[in-house]
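Once you know that position 76 of the sequence shown is 76 in the working numbering, the rest is easy, because the numbers rise by one and skip nothing.
Every residue, glycine too, gets a C-beta built ideally from N, C-alpha and C.
On a predicted model such as this, the values are computed, not experimentally measured, just so you know.
Before any comments, here is the structure.
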Amino acid sequence: MPDESPAYQRLKQAAAQANAGAPLLALRTLRDVHWECVALEAEWQDRDDENAAEVRAALARIRAKLAPAVTNPYGAKEPNR
């Protein structure tokens, strides 16, 4: 639209930039959650109370689900070896 206000144009530009950066932000968030699970698993490794095994198992499941996004974030196929 030729009669868009400068503020509206800036808003559209900011929205486009945010949209362009969203996948990278999501990837970074997944990576951060994955590594936080690794750290929490290490903290819980020596705990031996009633729920410790359950907590470690839950963290391992979360980490396993996030691992593909961390180790192969763009889904590129590994070359055949």
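DSSP state of residue i mapped onto helix, strand, coil
i   : result
Y74 : coil
Q17 : helix
R47 : coil
E4  : coil
Residue j beta carbon less than 7 Å from that of residue i
i   : j   : result
E41 : L66 : no
C37 : R61 : no
Integer-rounded CB distance, given that residue j should sit under 8 Å from residue i
i   : j   : result
V70 : L30 : 7 Å
W44 : A52 : 6 Å
P73 : L27 : 5 Å
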